[in-house]
Amino acid sequence: MRIVVNTEKCTGCETCVASCPFTAIIMTSEGKAFINEYCQFCRACMSACPEGAIIEVKEEGDTPNSELRTQDYKGVMVFAEQREGKAVPVAYELLGIGRKLADERNSELSAVIMGASESEARELIKWGADKVYLASDPLFEKFNDEPYAEVLVRLIREHCPEIVLAGATPVGRSFFPRVAARLRTGLTADCTALEIDKETGNLLQIRPAFGGNIMAVILCPDNRPQMATVRPRVMKRGLYDVNRKGEIKYFNQENIASRTRVLGTIKEVSEVKVNLQEAEIIIAGGRGMGKPEGFKLLAELAGILGGAVGASRAAVDEGWIPYSHQVGQTGKTVCPRVYIACGISGAVQHLVGMQSSDIIIAINKNPEAPIFNAATYGIIGDVYEVVPMLIKRIKETSGSR
Amino acid sequence: MEIVICIKQVPDTAEVRINPETNTLIRDGVPSIINPYDMHAIETGLQIREKAGGKVTVLTMGPPQAETALLDAIAMGADEAVLLTDRAFAGADTWATSYTLFKAIEKIKADIIICGKQAIDGDTAQVGPETAEFLNIPHISYVRKIEEVNPDSIRVQRLMDGGYDVVETSIPVLLTVVKEINEPRLPSLKGKMNAKKAEIRKWKSVDISADENNTGLKGSPTQVKNIFAPEAKKDRKMLKGSLEEQINALVSELRSLKCV
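Spelled out as structure tokens, the structure:
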């Protein structure tokens, strides 16, 4: 299949050029639109073209030549990442969404955990798994791409799940591509929503694309399993039930080799532990703070509220606060209950890192700042006036309780 | 050391703005650049060449205009450049892209392959590790420092959540690098001269003996079903009154929601 421009109908209005999220449309010297190899077949231009000049053309060999029978694949499998033997928070989130998807497909939810104890594996059952595959060998304690990929490939080949998920962490995003490449199947990165298509039963994999400016719905219709990594802190955890029954199966870990060795792990301790991704309340500052001292004020507010301090890239680039505090496309993605953006204009790159927060409060001098479009509550005013008043008011009201 | 750097030409997303009324992208005049992470990959390759000797080849897949990205890389100091361009490659997802790069790298022959951590337009971070799998060689993601390069092994620091790992592996290897690893150099005058007279090798599907069932849209397991603009926040409340009244209202709202 190809998407092409009917040059007879094309008026050269360039509407399609602006509509293409992949910069795949250029204007030729004859003033006609031309779709190049960057085209991802999203069809955005077809609905944008006022002349109906952009059409889909079928080509030979369009029908997939896969002999794979998708109906032979059943169940949802999630990879439960551990650190120092403890499952990381995203593992519970995966069990939450995995349980939902498995129930909708009327199938089983299994979890895979490597380098952990049986008691840790049992926790995964309480969080929603029907079955846990445990590779307990110390070889798996430290993350290593090749053995991790080998274990998962063997389990998938043996059990044929139709959906396989991991957290979009440095670990999941590094070894899942190897698994997908070997199994000749699709992998969608960093999904923020997963749904089942009611008609086809396919997994709808929804993710921000293009620096978070647009959302894309991705399908893997003819190959199995359908694989995705899921952004941490986006999915809700499942229900914890101490009485839930499930089965633990030890994985036969013979002949797992690796060309790579992890020689050591060095923890980097920042002055104050920045646990942005765990924080319930985040007070973040941007270029509008104007100086490094402003972050002391934000830290004071954070102290009263029991929150953490975040920052936009602009403030980090100015050197006012270390990178570990950065929220956004090139920093951390956070999802606190309350996000207070102080002197942050709200560039798209920042918004993608915090827009799923429950409540967003924007404080900014400029009423036109895009942050107000994302905010639940907006206060137009100078940070250095508003924040001290806010601190005062919170102190007053907590005293009166 | 034969070094191959995989790069991608991308629209500069930092230049993209959203039209608040229509909630669509404003794309006018958005320039094409080398993916910023790939700039660090190029620098990493050049530094390895300076220490260990050898040749740096830059490789990209894309339409003919992606040639400019390769010329920029030559201006920085790369020795050779290959452009994979063919209608058959169009519409490739990460699986089909990785397969295509793998076929090209097999032809070039490489000891060390370096990619940026991810491309800023797709943000998948998948093509590097998938390519390594096709090549059947190890890969290390998120490399923030090269500690030592030996003829048949390499030791690097891999960035992880809350710290880093020291990792050693055999060569050939594929690395994906983060921005912390170095500061990309500016093109030198000599480099710019080289770029002017550089000959970019252009390979089609047949030149790399690619199986067309594995390239482009046809070889891609995933499909874009549709795209949509993210929803604006629905429950917006602008606070009214004097600054003090606004703050009082805000604090009581937060109290009622048990947020403070």
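Residue numbers (our numbering), protein chains in the order written: chain G, 271 to 671; chain D, 17 to 276. Glycine is no exception: its CB is placed at the ideal position from the N, C-alpha and C atoms.
For asparagine 335 of chain G, which residues from the same chain have a beta carbon less than 8 Å from its beta carbon, with the 5 sequence-adjacent residues on both sides left out?
With a pLDDT of 47 at asparagine 335 of chain G, under the threshold of 50, the predicted position of this residue should be treated as unreliable, though the coordinate-derived value follows. Around asparagine 335 of chain G: no qualifying Cβ.
Contact with chain G by tryptophan 219 of chain D, beta-carbon distance below 8 Å:
no
CA nearest to the CA of glutamate 300 of chain G, picked from G/Pro291, G/Cys283, G/Ile631 and G/Tyr308:
G/Cys283
I'd like to know if leucine 99 of chain D contacts chain G, where contact means its C-beta is closer than 8 Å to some C-beta of that chain.
Cβ-Cβ to chain G under 8 Å: no for leucine 99 of chain D.
When D/Leu175, D/Ile156 and D/Ile90 are compared against isoleucine 187 of chain D, the one with the closest alpha-carbon
Of the candidates D/Leu175, D/Ile156 and D/Ile90, the one whose C-alpha sits nearest the C-alpha of isoleucine 187 of chain D is D/Ile156.
Endpoints, the alpha helix (DSSP H) within which leucine 88 of chain D is located:
A small correction: the amino acid at residue 88 of chain D is aspartate; leucine does not occupy that position in the sequence shown. Element bounds for aspartate 88 of chain D: 83-92.
To the nearest whole angstrom, what separates the beta carbons of valine 608 of chain G and isoleucine 629 of chain G, a pair I think is in contact under 8 Å?
5 Å
Cβ-Cβ distance between valine 532 of chain G and lysine 356 of chain G below 8 Å:
no
If you draw a straight line from the alpha carbon of isoleucine 324 of chain G to that of methionine 316 of chain G, how long is it in whole angstroms?
5 Å
Going by DSSP, which residues form a beta bridge with serine 380 of chain G?
G/Met347 and G/Lys401
Mind checking whether alanine 104 of chain D and serine 236 of chain D have CB atoms under 8 Å apart?
no
Mind checking if leucine 464 of chain G is an interface residue toward chain D, Cβ cutoff 8 Å exclusive?
no
Would a C-beta distance cut-off of 8 Å place phenylalanine 521 of chain G and tyrosine 403 of chain G closer than the cut-off?
Cβ distance < 8 Å, so phenylalanine 521 of chain G and tyrosine 403 of chain G count as in contact.
Separation of valine 586 of chain G from tyrosine 593 of chain G, as counted between CA atoms
A direct Cα-Cα distance of roughly 6 Å separates tyrosine 593 of chain G from valine 586 of chain G.
Enumerate in chain order the residues of its own chain whose CB-to-CB distance from glutamine 625 of chain G is below 6 Å, with the five nearest sequence positions on each side excluded.
Ala644
Please list the terminal residues of the continuous alpha helix (DSSP H) segment that includes tyrosine 418 of chain G.
415-429
From G/Ala572, G/Gly589, G/Thr600 and G/Glu588, residue whose alpha carbon lies closest to that of alanine 611 of chain G
G/Ala572
Indicate whether at least one CB of chain G lies closer than 8 Å to the CB of glycine 132 of chain D.
no
Which of helix, strand or coil does DSSP assign to glutamine 547 of chain G?
helix
Can you tell me the Cα-Cα spacing of isoleucine 128 of chain D and isoleucine 553 of chain G, whole angstroms?
43 Å
Reference valine 240 of chain D; option with closest CA among G/Lys401, G/Ile488, G/Ile664 and G/Val512
G/Ile488
Taking beta-carbon pairs under 9 Å, can you tell me which members of the stretch 164-187 of chain D lie near chain G?
Answer set for the stretch 164-187 of chain D: Arg171, Gln173, Arg174, Leu175, Met176, Asp177, Gly178, Gly179, Tyr180, Asp181, Val182, Val183, Glu184, Thr185 and Ser186.
Do lysine 123 of chain D and tyrosine 53 of chain D have their CB atoms nearer than 8 Å?
no
Quick check on glutamate 541 of chain G: buried or exposed, where buried means 16 or more other Cβ atoms within 10 Å of its Cβ?
For glutamate 541 of chain G, the pLDDT reaches just 45, beneath the cut-off of 50, and the residue's location in the model is therefore unreliable, although a value from the coordinates is still provided. The residue in question, glutamate 541 of chain G, is exposed, as its Cβ has fewer than 16 Cβ neighbours within 10 Å.
Continuous beta strand (DSSP E) stretch holding glycine 437 of chain G: start and end
433-437
Find the nearest neighbour of glycine 580 of chain G within the set G/Gly598, G/Leu464 and G/Ile633, judged by alpha-carbon distance.
G/Gly598
So aspartate 109 of chain D contacts chain G; which residues on that side make the cut at Cβ distance below 7 Å?
Those within 7 Å of aspartate 109 of chain D in chain G are Gly456.
Residues of chain G with CB under 8 Å from serine 157 of chain D, in chain order?
Asp415, Pro440, Arg443 and Ser444
When the Cα of valine 604 of chain G is compared with those of G/Met505, G/Ala639, G/Gln523 and G/Gly589, which residue comes out closest?
Nearest neighbour of valine 604 of chain G by Cα position, chosen from G/Met505, G/Ala639, G/Gln523 and G/Gly589, turns out to be G/Met505.
At what residues does the alpha helix (DSSP H) containing methionine 316 of chain G begin and finish?
314-318
Could you name the residues of chain G that threonine 140 of chain D contacts, counting a contact when the two beta carbons are closer than 7 Å?
Ala459
If asparagine 51 of chain D and valine 20 of chain D are in contact, beta carbons under 8 Å, what's the gap, nearest whole angstrom?
16 Å between Cβ atoms; not a contact.
If you reduce the DSSP assignment to three classes, tell me which class isoleucine 224 of chain D lands in.
Looking at isoleucine 224 of chain D - three-state DSSP - the assignment turns out to be helix.
Enclosing beta strand (DSSP E) for leucine 457 of chain G [first to last residue]:
457-461
I need the boundaries of the beta strand (DSSP E) containing proline 27 of chain D, first residue and last residue.
25-27
Who are the neighbours of isoleucine 19 of chain D on chain G, taking C-beta pairs under 7 Å?
Those within 7 Å of isoleucine 19 of chain D in chain G number zero; the least Cβ separation is about 19 Å.
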